[in-house]
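Residue numbers (this note's numbering), protein chains in the order written: chain A, 44 to 265; chain B, 451 to 670. Taking it in order: structure first as C-alpha cells, then the write-up.
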Amino acid sequence: MSALRLDVTGAVEHPEPLDRAALAARVARDVPDHAYVNLGIGQPTTVADHLDPRAGVVLHTENGMLGMGRAAREDEVDPDLINAGKVPVVEPPGASYFHHADSFAMMRGGHLDVCVLGAFQVSAAGDLANWHTGAPDAIPAVGGAMDLAIGAKQVFVMMSLLTKDGTPKIVPSLTYPATGLGCVDRVFTDLGVFAIDHERQTVVLLEAYGASAADLAERLGG
Amino acid sequence: MGRTTFHTDPVEALAGVADGDTVLVGGFGMAGMPVRLVDALIETGATDLTIVSNNAGNGETGLAALLKARRVAKVICSFPRQADSYVFDGLYRAGEIELEVVPQGNLAERMRAAGAGIGAFYSPTGVGTLLAEGKEQRTIDGRDYVLEMPIRGDWALVAAQAADPMGNLVYRKTARNFGPVMATAAATTVVEVRETVELGAMDPEAVVTPGIYVDRVVTA
C-alpha cells in the first residue's frame, strides 16, 4: 500500500489527548453559529451537549424533524417522538416535522450545513467507510449513512485515530467498502484534528493532542 | 364524500391481499408502525410477500412475526440489522429470505417517484459504493449520479393520528416518517388511525395526506 499523503507542517501541538467529552467539545467548536446540523447515531450525538444554546444551531434528524431537542427524561418519553437512533427526544419551541422524502431531500439537496458521522476509515481523498465491514457473514445495513455522507455541505468525521490494535483509521485508500467518495472535509480524533485537502488529496494535520506532529506522521505512515 | 371506506376490522380492510404482493409498511422503529395492520396481514395468510420498510422487524411481534410465519420472500429496507432483529438475521443467514438494502433517502425517494409518476431518477447517494453496482451511472454538471428505479406497492400499510370522512390524514410528531410517501406509492393504501374526526373538524391547512391517496381507513 502506498504511503499516506499527509501534511503536518502547520500543526499546533497540545500535551494531552482528547477524551470523549473533550473530543465532542472540540467538534462542537467547529460548528458555525446558526448552522443546520445532523449528528449521526452514537458518539456524534454527544456533540449536542457541547453546543452553546446561544449559538442558535438547529439540529436535523433524518426521521423527519428540525429543531430537535435533547433526550427525553423518563416522564417526558413520547413513543411518537424519537431521533434517528430511536431514542426519545423532546420538542422545543420552533421545531418542525416533515416526511422521510422531504427529510432526505433536505439532506441530498445540500441544505444542511454540517453533518457529523462516525467512521471505520477515512482516506486521503476524503472517502468514507462507515457502513459495512465487508465481513462475509455481516448483514449489510446502511440506514441514512450514504445519504448523509454526500448530502451536507461539510462532513465531519468523529472517531478514534487508531483501532484497538493500533491500526490507523486514516488510510491511503479504503480497505472497507465505501459509504461515499471524496465527501469528508474534517476528521476529529482523540490524537489529532485533520482537514482533507480535496485538491491535493492530502490529509492536513491541524492540531495534535498528546502526541507530536512527527509522532502522528510516523504512526500514520505519512 | 370521497371514495375512502372505513372499517373497524383490520383483516376486512386488507381484503384482496394476494400471495406475491408487494407491501409498503410505514414506521421508523416503532414510531408510525401500523401494528394492527401488520398483525392483520399475518391473519390474511398471504405469503411470498415482498415487504418494503425501513427496518426488518424487532423481537417477535409485528414485522418480525410476519417474517417468522414465513410469509415474506423478500425485504427491501435500509437497516435490517438491529439489536433484536434475530428473526430476520436467522432467516437471512439461512438463505431463506432475500434482502435488498437501499440507502434510506433513496428508499423514500424511490417510493415518492412511484407515487409521483416519475419513471426513474438520478441520485448522488451511493455513487462508488457496493449499492450502486450494476446500476446505470451518469455525470451531470460534473457530479456523478446513479439511476434509481421507483418502488411501487400493491399495498401501503400506514399509521396516522387522525382521519376525517374524506380520508384526509394528519400524523403526530416523528411518527409521520414514511407514511405520507408510502400512501402515494401503492395501488391500495390502508391506514390505521387513532381517531376519526367529523367533516370540517380537520384544518385543511394542516392536512398532510389528502384523501385521494387513502383507500381504506381502519378506525380505533
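Backbone N, C-alpha and C fix where the C-beta goes; we use that ideal spot for every residue, glycine too.
Quiz item: What residues in its chain sit with their C-beta under 8 Å from that of H77(A), if we drop five residues either side in the sequence?
Solution: Numbered from 1 along the first sequence, position 34 holds the residue referred to as residue 77(A). Same-chain partners within the cutoff: A98, G99, V100 and V101.
Practice problem: Give a yes or no on whether 8 Å exceeds the smallest Cβ distance from F147(A) to chain B. | Solution: In the first sequence, residue 147(A) corresponds to position 104, counting from 1. Yes, contact with chain B.
Quiz item: Could you give the C-beta distance for A184(A) and C226(A), rounded to a whole number, given that I count them as a contact under 8 Å?
Solution: As a working note, residue 184(A) is residue 141 in the first sequence. As a working note, residue 226(A) is residue 183 in the first sequence. Not really, about 19 Å apart at Cβ, beyond 8 Å.
Quiz item: Exposed or buried, P135(A), counting other C-beta atoms within 10 Å across all chains shown (16 or more means buried)?
Solution: On the first sequence, residue 135(A) is found 92 positions in, with the first residue counted as 1. Exposed is the call here.
Self-check item: Other residues of its chain near A636(B): CB distance less than 6 Å, five sequence neighbours each side excluded
Solution: Counting from one through the second sequence, the residue named residue 636(B) turns up at place 186. So the qualifying residues of the chain are L474, G603, W605 and A606.
Quiz item: Fully enclosed by the segment 87-145 of chain A, which alpha helix (DSSP H) runs are 4 residues long or longer?
Solution: none
Exercise. Please work out which residues of its chain come closer than 7 Å, Cβ to Cβ, to D498(B), disregarding the five sequence neighbours upstream and downstream, and give them in chain order.
Key: As a working mapping, residue 498(B) is identified with position 48 in the second sequence. Counting only Cβ-Cβ distances below 7 Å, and skipping sequence neighbours, we find D469, G470 and A523.
Quiz item: Using CA coordinates, which residue listed in V608(B), A515(B) and G555(B) is at the minimum distance from M483(B)?
Solution: On the second sequence, position 33 is the one that residue 483(B) refers to. It is V608(B) whose Cα lies nearest to the Cα of M483(B).
Practice problem: Alpha carbon to alpha carbon, how far is M561(B) from P600(B)? Give it in angstroms, no decimals. | Solution: In the second sequence, the residue the question calls residue 600(B) occupies position 150. In the second sequence, the residue the question calls residue 561(B) occupies position 111. Those two C-alpha atoms are separated by around 6 Å.
Quiz prompt | With 16 other Cβ atoms within 10 Å as the buried cut-off, status of P654(B) | solution = The residue you call residue 654(B) lines up with position 204 of the second sequence. Exposed, by the Cβ-count rule.
Self-check item: Length of the line joining the Cα atoms of G177(A) and A670(B)
Solution: Within the first sequence, residue 177(A) is the residue found at index 134, counting from 1. Within the second sequence, residue 670(B) is the residue found at index 220, counting from 1. Approximately 45 Å between the Cα atoms of the pair.
Quiz item: Are the beta-carbon atoms of V230(A) and A167(A) separated by less than 8 Å?
Solution: Here residue 230(A) refers to the residue found at position 187 of the first sequence. Here residue 167(A) refers to the residue found at position 124 of the first sequence. No, the pair does not count as a contact, with Cβ atoms beyond the cut-off.
Quiz item: By the 10 Å Cβ neighbour count, where 16 or more other Cβ atoms means buried, how is G569(B) classified, buried or exposed?
Solution: Stepping through the second sequence from its first residue, residue 569(B) is reached at position 119. So G569(B) counts as exposed.
Exercise. Please decide whether G110(A) counts as near chain B, where near means a Cβ-Cβ distance under 8 Å.
Key: To locate residue 110(A), count along the first sequence from 1; it is residue 67. No, G110(A) lies away from the interface with chain B (no Cβ there is under 8 Å from its Cβ).
Quiz item: Can you list the alpha helix (DSSP H) stretches of 4 or more residues lying completely in the segment 182-233 of chain A, in chain order?
Solution: 188-194
Quiz item: Is P179(A) close to chain B, meaning its C-beta is less than 8 Å from at least one C-beta of that chain?
Solution: In the first sequence, residue 179(A) corresponds to position 136, counting from 1. Not one chain B Cβ lies under 8 Å of P179(A).
Quiz item: chain B beta carbons: is any one of them nearer than 8 Å to that of L124(A)?
Solution: In the first sequence, the residue the question calls residue 124(A) occupies position 81. Closer than 8 Å: yes.
Quiz item: The alpha helix (DSSP H) spanning N556(B) covers which residue range?
Solution: Your numbering for residue 556(B) matches position 106 in the second sequence. Q554 to A566 is the extent of the alpha helix (DSSP H) around N556(B).
Self-check item: chain A contact residues for S503(B), given Cβ-Cβ distances below 7 Å
Solution: In the second sequence, the residue the question calls residue 503(B) occupies position 53. Near S503(B) there are no residues of chain A at all, since even the closest Cβ is about 12 Å away, more than 7 Å.
Self-check item: P131(A) versus H103(A) - alpha carbon distance
Solution: Sequence index remark: in the first sequence, residue 131(A) carries index 88 (1-based). Sequence index remark: in the first sequence, residue 103(A) carries index 60 (1-based). Cα-Cα distance, rounded: 15 Å.
Quiz item: Is it the case that the Cβ atoms of P553(B) and D190(A) are separated by a distance below 8 Å?
Solution: Taking the second sequence and counting its residues from 1, the one referred to as residue 553(B) is at position 103. Taking the first sequence and counting its residues from 1, the one referred to as residue 190(A) is at position 147. Result yes, Cβ atoms of P553(B) and D190(A) sit closer than 8 Å.
Practice problem: Kindly say whether N627(B), judged by its beta-carbon, lies nearer than 8 Å to any beta-carbon of chain A. | Solution: In the second sequence, residue 627(B) corresponds to position 177, counting from 1. Yes, N627(B) lies at the interface with chain A (some Cβ there is under 8 Å from its Cβ).
Exercise. Name, going along the chain, the residues of the segment 562-585 of chain B whose beta-carbon falls closer than 8 Å to a beta-carbon of chain A.
Key: R562, S573, P574, T575, G576, V577, G578, T579, L580 and L581
Practice problem: Would you mind working out which of V55(A), D92(A) and N173(A) sits nearest V198(A), comparing C-alpha positions? | Solution: Taking the first residue of the first sequence as 1, we reach residue 198(A) at position 155. When only C-alpha atoms are compared, the closest one is N173(A).
Exercise. Would you mind reading off the limits of the beta strand (DSSP E) that contains L430(B)?
Key: Limits of chain B in this structure are 451 at one end and 670 at the other, which puts residue 430(B) out of reach.
Exercise. Identify whether I590(B) lies in helix, strand or coil by the three-state DSSP scheme.
Key: Locating residue 590(B) in the second sequence gives position 140, where the first residue counts as 1. Three-state result, I590(B): strand.
Quiz item: For W391(B), which beta-bridge partners are listed by DSSP?
Solution: The question about residue 391(B) has no answer, for chain B in this structure spans 451 to 670.
Quiz item: Would the beta-carbon of L234(A) fall within 8 Å of that of P60(A)?
Solution: Within the first sequence, numbered from 1, the residue matching residue 234(A) stands at position 191. Within the first sequence, numbered from 1, the residue matching residue 60(A) stands at position 17. Yes.
Exercise. Would you list the residues sitting across from G235(A) in a DSSP beta bridge?
Key: As a first step, residue 235(A) is located in the first sequence; it is residue number 192 there, counting from the start. BP columns for G235(A) point to A251(A).
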